[in-house]
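Asks:
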Amino acid sequence: MLETVMQAVINGLLIGGIYALVSIGVTLIFGVVKIVNFAQGEFVMIGMYLSYYLSSQFNIDPVVSVLFSMPILFVVGVLIQHYLIRRVLGLNDLPQIFLTFALSLLIINLSLMFFTANYRTIHTWYSDEAFHFWGVYIPYAKLIAFVLAMILSGILWLFLKTTDLGKAMRAASQNRDVAQLMGINPNRVFAVALGIALALAGAAGSLLMSFYPAYPLVGQVFVLMAFVAVVLGTLGNVLGALVASLLMGIAESLGIQFIGADSGLIVVFILLLATLALKPSGLAGGWRK
Amino acid sequence: MHKLIPSYKIFIGLLLILMVLLPFVITSSFALEILVRILLFAFIGTSWNLLGGYAKQLSLGHVAFFGLGAYTSTLMEINYGISPWIGMLVGGLVGMSASLPIGWLCFRLKGPYFTISTIATANVLMLIFLKFRDFAWGAEGTTIPNLGHAPLMMQFETKTPYYFIVLGLLIVSLAITAWIERSRIGYYLIALGEDEDAAEASGVDVVKVKRNIYMLSAFLTALAGTFYTQYIYFIDPQTAFSFNVSIEAALVSIVGGIGTLWGPVIGTVLLETSTALLQSYLGNSIGGIQLTVYSLILMAVILIRPTGIVGYFKEIKAKV
Amino acid sequence: MTELSQNRRKIIKATGSAFFASGLSAIPLRGYAADPVNIGALYPVTGSMAQIGTGCVAAAKLAVNMINDAGGIKSLGGAKLNLIISDVQSDTTVTRTETDRLITSNKLSAIHGCYASALTLIACEVAERAKVPLITGSSSDMLNKGGRSYTFTPFARASQFAQTQLQMSRLATDKPKVAVIFENTAFGTATSNGVKELAASEGVEIVMFEPYSAGFTDAAPLLNKVKASGANTLFSLSYLNDLILIVRSIRQMGLNIAVNAGSGGFVMPDFYKNVGKLADGLQGVTHWNHDISPESQKCNEEFKKITGEFLFEYGGGLIAQTYMLADALERCASRDPQKVREALSTLDVSSGYAAMAPGGRVKFGPDGKNIYGRPVGVQWQNGDLASIYPKDFAKASVLKS
Numbered sequence: 006m007l008e009t010v011m012q013a014v015i016n017g018l019l020i021g022g023i024y025a026l027v028s029i030g031v032t033l034i035f036g037v038v039k040i041v042n043f044a045q046g047e048f049v050m051i052g053m054y055l056s057y058y059l060s061s062q063f064n065i066d067p068v069v070s071v072l073f074s075m076p077i078l079f080v081v082g083v084l085i086q087h088y089l090i091r092r093v094l095g096l097n098d099l100p101q102i103f104l105t106f107a108l109s110l111l112i113i114n115l116s117l118m119f120f121t122a123n124y125r126t127i128h129t130w131y132s133d134e135a136f137h138f139w140g141v142y143i144p145y146a147k148l149i150a151f152v153l154a155m156i157l158s159g160i161l162w163l164f165l166k167t168t169d170l171g172k173a174m175r176a177a178s179q180n181r182d183v184a185q186l187m188g189i190n191p192n193r194v195f196a197v198a199l200g201i202a203l204a205l206a207g208a209a210g211s212l213l214m215s216f217y218p219a220y221p222l223v224g225q226v227f228v229l230m231a232f233v234a235v236v237l238g239t240l241g242n243v244l245g246a247l248v249a250s251l252l253m254g255i256a257e258s259l260g261i262q263f264i265g266a267d268s269g270l271i272v273v274f275i276l277l278l279a280t281l282a283l284k285p286s287g288l289a290g291g292w293r294k
Numbered sequence: 017m018h019k020l021i022p023s024y025k026i027f028i029g030l031l032l033i034l035m036v037l038l039p040f041v042i043t044s045s046f047a048l049e050i051l052v053r054i055l056l057f058a059f060i061g062t063s064w065n066l067l068g069g070y071a072k073q074l075s076l077g078h079v080a081f082f083g084l085g086a087y088t089s090t091l092m093e094i095n096y097g098i099s100p101w102i103g104m105l106v107g108g109l110v111g112m113s114a115s116l117p118i119g120w121l122c123f124r125l126k127g128p129y130f131t132i133s134t135i136a137t138a139n140v141l142m143l144i145f146l147k148f149r150d151f152a153w154g155a156e157g158t159t160i161p162n163l164g165h166a167p168l169m170m171q172f173e174t175k176t177p178y179y180f181i182v183l184g185l186l187i188v189s190l191a192i193t194a195w196i197e198r199s200r201i202g203y204y205l206i207a208l209g210e211d212e213d214a215a216e217a218s219g220v221d222v223v224k225v226k227r228n229i230y231m232l233s234a235f236l237t238a239l240a241g242t243f244y245t246q247y248i249y250f251i252d253p254q255t256a257f258s259f260n261v262s263i264e265a266a267l268v269s270i271v272g273g274i275g276t277l278w279g280p281v282i283g284t285v286l287l288e289t290s291t292a293l294l295q296s297y298l299g300n301s302i303g304g305i306q307l308t309v310y311s312l313i314l315m316a317v318i319l320i321r322p323t324g325i326v327g328y329f330k331e332i333k334a335k336v
Numbered sequence: 018m019t020e021l022s023q024n025r026r027k028i029i030k031a032t033g034s035a036f037f038a039s040g041l042s043a044i045p046l047r048g049y050a051a052d053p054v055n056i057g058a059l060y061p062v063t064g065s066m067a068q069i070g071t072g073c074v075a076a077a078k079l080a081v082n083m084i085n086d087a088g089g090i091k092s093l094g095g096a097k098l099n100l101i102i103s104d105v106q107s108d109t110t111v112t113r114t115e116t117d118r119l120i121t122s123n124k125l126s127a128i129h130g131c132y133a134s135a136l137t138l139i140a141c142e143v144a145e146r147a148k149v150p151l152i153t154g155s156s157s158d159m160l161n162k163g164g165r166s167y168t169f170t171p172f173a174r175a176s177q178f179a180q181t182q183l184q185m186s187r188l189a190t191d192k193p194k195v196a197v198i199f200e201n202t203a204f205g206t207a208t209s210n211g212v213k214e215l216a217a218s219e220g221v222e223i224v225m226f227e228p229y230s231a232g233f234t235d236a237a238p239l240l241n242k243v244k245a246s247g248a249n250t251l252f253s254l255s256y257l258n259d260l261i262l263i264v265r266s267i268r269q270m271g272l273n274i275a276v277n278a279g280s281g282g283f284v285m286p287d288f289y290k291n292v293g294k295l296a297d298g299l300q301g302v303t304h305w306n307h308d309i310s311p312e313s314q315k316c317n318e319e320f321k322k323i324t325g326e327f328l329f330e331y332g333g334g335l336i337a338q339t340y341m342l343a344d345a346l347e348r349c350a351s352r353d354p355q356k357v358r359e360a361l362s363t364l365d366v367s368s369g370y371a372a373m374a375p376g377g378r379v380k381f382g383p384d385g386k387n388i389y390g391r392p393v394g395v396q397w398q399n400g401d402l403a404s405i406y407p408k409d410f411a412k413a414s415v416l417k418s
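Chains as they are written, first to last, in the working numbering: chain U, 6 to 294; chain C, 17 to 336; chain X, 18 to 418.
This is how it looks when you write it as structure tokens:
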């Protein structure tokens with residue numbers, strides 16, 4: 006029994022790491038640019054296909070391919086901010102939400118056209134192997150993904166706390182008008198935010214590729230969890246998103262184990278709704294509405 | 017605000033005559049089907065518009081009421097033999113009641129927070145209906161028993177009666193919207209849509225207004241759920257609580273012009289027509305091409321004219 | 018509102034209506050100059066089931082080509098079959114619209130589709146009211162209920178699958194303790210229900226019975242539960258993406274468990290492409306396999322030439338269905354869908370391509386069910402599916418893993 010619980014927690018933690026990479030991107034964009042990026046999952050998908058391509062054509066390990074997918078998606082993020090997002094800033098929520106929603110639809114269907122609906126997997130020497138100890142097991146691939154996810158999150162956190170650009174981003178997210186008065190160029194800050202967020206999504210995709218199949222709709226599966234984590238962890242709060250993601254992974258896993266195999270989603274939604282009912286500003290609280 | 021100037025009345029009259037004659041003029045059954053779809057989503061869009069367009073509470077979970085309406089009437093019909101006409105109204109009431117707890121929960125947040133929570137509640141409803149098969153057929157859903165021609169049970173053998181039902185629903189929702197626009201409630205709605213805090217400060221009971229408009233919007237949307245189920249002869253949780261319905265409700269309003277009377281109608285005509293054409297010409301060539309084109313159109317509209325089509329015309333009128 | 022904008026609105030609305038009405042009439046009917054026989058095919062070419070839908074369309078085209086090359090429908094003067102395909106986008110609403118469009122825009126003699134039971138249910142409601150016969154391999158028992166007379170199901174039903182699955186569990190172990198996990202929409206629920214009802218009478222113990230949300234992010238929690246239940250056999254009624262994860266996770270866990278994954282995406286070549294050697298030894302149940310008869314093997318070869326992969330369950334089944342339609346057309350010598358329906362209801366074949374079903378015989382009962390319909394148990398062996406159960410169908414021996 007103890008083994009089962011321990012395993013459930015481990016499972017939840019490991020997948021939570023991936024949720025974290027996706028949700029941090031969403032929360033960063035929301036905090037800084039104040040829009041909800043409904044297409045975030047699709048960039049994870051692009052990261053996956055990038056890694057698949059690199060692996061099948063050039064034999065590059067998916068984990069190594071993070072070095073490629075992150076910069077590429079960073080540039081994509083900057084371009085999207087410049088050509089698309091910028092044009093709907095300052096308008097109300099509706100066009101902003103629907104722009105990213107349309108983008109999501111577009112990317113999914115372009116993928117369907119070019120990649121077809123077939124599932125793609127990569128098998129590396131460690132893909133299907135695991136550590137076994139004390140009656141529990143940890144798959145290598147998921148462990149590597151988790152560790153890297155934590156490292157990337159840590160790097161981002163340091164960036165936000167210590168560098169000028171990072172501080173500018175935090176300033177812009179807290180009070181855009183004041184930040185602008187202090188000479189911070191919002192468009193530049195937004196572009197970096199989008200770039201970082203998409204780079205993280207790309208990293209998530211590459212890491213996922215070592216143990217998850219790629220197909221055009223795969224982003225939708227992860228983005229739902231990411232959104233809930235974002236609200237749970239307080240919109241705009243990077244650390245909150247990280248903690249919420251891990252908690253959600255564990256809650257989902259325990260829910261499946263002890264409540265019902267199809268209750269993972271329900272548990273997560275109940276968590277979300279309970280948060281909204283009791284502490285709408287999320288775990289990190291005190292977020293100015 | 018629309019003043020009932022004579023030319024406007026004439027226009028409405030002509031339009032009404034056109035719409036009533038249309039099904040007798042059009043011979044293609046498929047074209048009629050498209051018209052029914054247009055009217056249906058124009059109706060859902062107009063209902064959504066009350067909350068999302070005027071009051072600017074962007075709900076993407078309206079399908080929750082759609083599904084509740086659908087299941088209510090179907091349960092009543094199949095389990096107790098009660099006519100869907102009655103079931104539709106009861107479904108409306110169920111939707112309306114559901115909007116109270118859902119609203120209480122979701123209105124605690126603003127902007128995108130609100131949106132995400134509405135999505136979540138609709139999703140939870142779908143999960144519940146998927147799980148409880150003893151209560152409502154679970155995941156497999158059910159078909160509506162084939163009664164042939166049974167007007168009292170909202171079943172017909174041709175499409176024309178369905179057309180008139182949904183046309184009636186649309187007219188009702190448009191009339192309600194027009195009335196609200198000209199009334200004090202409409203004034204409050206627009207005020208709180210523009211700036212909620214300022215509205216509150218100037219004495220508008222924001223909480224009450226939001227709650228009431230949500231109830232109305234939910235009631236109407238639930239009616240659509242019943243109609244739809246009767247029309248496609250089938251219900252299951254994924255159809256009844258499909259996210260696509262929520263999306264389309266908001267989308268047609270945005271493209272056509274949020275917070276305007278005719279916006280949702282125009283948006284629906286545009287989007288549904290292009291979808292139908294795309295499906296006919298490109299439907300089975302390459303997987304994904306149709307939706308790719310659709311999403312490009314969407315993005316173009318949003319980028320070029322975010323206030324929607326009616327908004328565009330209003331701007332032109334202002335310049336003239 | 019000024020008159021100008023009022024008129025504009027009116028024009029937009031009228032234009033919209035006229036636009037597509039004319040657009041539709043401008044669509045040319047594909048086909049030959051000589052009167053072909055129109056067969057409608059409804060499959061999910063896009064959306065979540067796109068993969069299988071694309072394969073189905075390829076099989077449908079192959080079937081029509083095979084029949085046409087052999088001379089078409091002789092009783093109609095060698096009329097060729099004209100396949101009219103429509104994409105139902107893996108969506109119930111679209112299925113409704115598309116079925117209607119297909120029927121009203123073309124003079125169809127029959128339809129086949131749609132792979133997923135939920136979609137087929139809607140299509141057959143529309144077809145029933147339009148009085149066009151619909152033939153399908155979809156397994157839901159609900160297709161045979163409701164008193165329909167235009168729906169024909171030549172292959173095994175979900176309830177029969179369940180029974181075969183239970184019986185096969187005794188191939189791997191004498192005392193099967195089965196954990197049943199199934200995706201919580203129509204497909205999984207229908208099949209798993211049959212398993213639950215028949216387990217006791219087949220002498221199989223069920224130690225876990227749980228629906229799960231399809232399209233999960235991680236199979237590990239689910240399998241953790243399976244392990245905790247002490248099961249030695251797993252029935253996983255799932256779509257392909259989940260199965261890939263489940264199989265890989267089982268390997269990661271080092272879990273020693275026999276697996277029978279029913280049908281669906283599991284019995285497609287794509288499964289093997291994605292999990293490789295992990296597939297070998299896994300059992301499944303299908304309503305058709307490419308080694309059940311010489312005709313099936315022939316179709317398999319042809320299909321391989323076109324797509325490079327073996328002919329999967331649903332695809333092979335629908336080739337047989339096309340031949341059944343051809344048989345009906347031959348006998349009634351008419352393009353009228355109502356006459357075709359009658360000919361189908363009196364169908365009785367036991368040889369040739371139309372009889373390509375496990376058991377080799379097709380004859381429909383009053384509810385559209387093939388009274389000889391039976392499933393065939395299969396197993397992955399060296400990257401291909403071999404029929405292993407029941408004994409009289411078996412083309413290969415059971416691999417013990």
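For each residue, glycine too, the CB sits at the ideal point set by N, CA and C.
1) Would residue 56/U and residue 224/U be called neighbours here (beta carbons separated by less than 9 Å)?
2) What residues are listed by DSSP as bridge partners for residue 129/X?
3) Could you confirm whether any beta carbon from chain U is found closer than 9 Å to the beta carbon of residue 190/X?
4) Please list the partners that residue 159/X has in chain C, where partner means a Cβ-to-Cβ separation under 7 Å.
5) Run through DSSP, which three-state label would residue 402/X get?
6) In chain order, what residues of the same chain have a beta carbon less than 6 Å from the beta carbon of residue 227/C, not counting five sequence neighbours either side?
7) Suppose the cutoff is 8 Å on Cβ atoms and the five residues either side in sequence are ignored; what does the same chain contact list for residue 224/X look like?
8) Note down, in chain order, all residues in the segment 315-344 of chain X with a beta-carbon under 7 Å from any beta-carbon belonging to chain U.
9) Can you check whether the CB of residue 79/C is closer than 9 Å to the CB of residue 271/C?
10) Report, in whole angstroms, the separation of the C-beta atoms of residue 228/X and residue 133/X, which I expect to be a contact under 8 Å.
11) Is the number of C-beta pairs between the segment 49-67 of chain C and the segment 281-288 of chain C that are closer than 8 Å three or more?
12) Which same chain residues, not among the five before or five after residue 175/X, have their C-beta less than 7 Å away from its C-beta?
13) Please identify the residue among 318/C, 239/C, 88/C and 37/C whose C-alpha is closest to the C-alpha of residue 152/C.
14) State buried or exposed for residue 382/X, treating a residue as buried only when at least 16 other CB atoms are found within 10 Å of its CB.
15) How many Å lie between residue 244/C and residue 133/U at the Cα?
16) For a contact meaning CB atoms closer than 8 Å, what does residue 87/U contact in chain X?
17) Over the uninterrupted alpha helix (DSSP H) stretch that includes residue 45/U, give me the two end residues.
18) How should residue 293/U be labelled, buried or exposed, when 16 other C-beta atoms within 10 angstroms of its C-beta is the threshold for buried?
19) List, in order along the chain, the chain U residues whose C-beta lies closer than 9 Å to that of residue 210/X?
20) Below 8 Å on the Cβ atoms is my guess for residue 34/U versus residue 198/U; work out the distance and round it to an integer in Å.
21) For the segment 243-258 of chain C, list every residue whose C-beta sits within 7 Å of some C-beta in chain X, in sequence order.
22) Quick one: does residue 175/U have its CB under 9 Å from some CB of chain C?
23) Taking Cβ to Cβ, would you say residue 77/C is nearer than 9 Å to residue 108/C?
24) Of all the CB atoms in chain U, is at least one closer than 9 Å to the CB of residue 206/C?
25) Bridge partners of residue 386/X, per DSSP?
26) Please report the distance separating the alpha-carbon of residue 397/X from that of residue 170/X.
27) From the DSSP output, read off the bridge partner residues of residue 365/X.
28) Apart from the five residues on each side of it in sequence, which residues of its chain come closer than 7 Å, Cβ to Cβ, to residue 287/X?
Replies: Taking the definition as stated:
1) As a position in the first sequence, residue 56/U is number 51, starting the count at 1. As a position in the first sequence, residue 224/U is number 219, starting the count at 1. No, they are not a contact pair.
2) For this step, residue 129/X is matched to residue 112 along the third sequence. Per DSSP, 58/X and 152/X.
3) Here residue 190/X refers to the residue found at position 173 when the third sequence is read from its first residue. Closer than 9 Å: no.
4) If you number the third sequence from 1, residue 159/X lands on position 142. Neighbours of residue 159/X on chain C, chain order: 156.
5) Translated into positions along the third sequence, residue 402/X becomes position 385. Three-state result, residue 402/X: strand.
6) Translated into positions along the second sequence, residue 227/C becomes position 211. Within the same chain, residue 227/C has close Cβ partners 119.
7) Along the third sequence, one-based indexing puts residue 224/X at 207. Excluding sequence neighbours, residue 224/X sits near 194, 195, 196, 246, 247 and 248.
8) none
9) For the purposes of this step, residue 271/C is taken as residue 255 along the second sequence, with counting starting at 1. For the purposes of this step, residue 79/C is taken as residue 63 along the second sequence, with counting starting at 1. Result no, Cβ atoms of residue 271/C and residue 79/C do not sit closer than 9 Å.
10) On the third sequence, position 211 is the one that residue 228/X refers to. On the third sequence, position 116 is the one that residue 133/X refers to. About 17 Å; that fails the 8 Å criterion.
11) yes
12) Counted from its first residue, the third sequence places residue 175/X at position 158. Result list for residue 175/X: 156, 157, 158, 207, 208 and 211, in chain order.
13) Position 136 of the second sequence, counting from 1, holds the residue named residue 152/C. It is 88/C.
14) Residue mapping note: residue 382/X aligns to position 365 of the third sequence, counting from 1. Exposed, since its Cβ has fewer than 16 Cβ neighbours within 10 Å.
15) If you number the second sequence from 1, residue 244/C lands on position 228. If you number the first sequence from 1, residue 133/U lands on position 128. One C-alpha to the other measures close to 47 Å.
16) As a first step, residue 87/U must be located in the first sequence, where it is residue number 82. Result: empty, since nearest Cβ-Cβ is about 31 Å, beyond 8 Å.
17) Against the first sequence, residue 45/U aligns to sequence position 40. Where residue 45/U is concerned, the enclosing alpha helix (DSSP H) stretches over 45-63.
18) Within the first sequence, residue 293/U is the residue found at index 288, counting from 1. For residue 293/U, the predicted model reports a pLDDT of 40, less than 50, meaning its position is unreliable; a value from the coordinates is still stated below. Answer is exposed; the Cβ neighbour count stays below 16.
19) Mapped onto the third sequence, residue 210/X falls at position 193. Ordered by position in chain U, no residue passes the 9 Å Cβ test against residue 210/X, which lies about 15 Å from the chain.
20) Position 29 of the first sequence, counting from 1, holds the residue named residue 34/U. Position 193 of the first sequence, counting from 1, holds the residue named residue 198/U. Sure, about 6 Å apart at Cβ, within 8 Å.
21) 248, 249, 250, 252, 254 and 255
22) Mapped onto the first sequence, residue 175/U falls at position 170. Cβ-Cβ to chain C under 9 Å: no for residue 175/U.
23) Counting from 1 along the second sequence, the entry for residue 77/C is found at position 61. Counting from 1 along the second sequence, the entry for residue 108/C is found at position 92. Result no, Cβ atoms of residue 77/C and residue 108/C do not sit closer than 9 Å.
24) If you number the second sequence from 1, residue 206/C lands on position 190. Residue 206/C does not count as touching chain U.
25) By one-based count along the third sequence, residue 386/X stands at place 369. According to DSSP, which records beta bridges pairwise, residue 386/X is partnered with 170/X.
26) Looking up residue 397/X in the third sequence gives position 380. Looking up residue 170/X in the third sequence gives position 153. Spanning the two alpha carbons is a distance of roughly 26 Å.
27) The residue you call residue 365/X lines up with position 348 of the third sequence. The partner list for residue 365/X (beta bridge, DSSP) reads 380/X.
28) Locating residue 287/X in the third sequence gives position 270, counting from the first residue. Excluding positions up to five away in sequence, the list reads 68 and 257.
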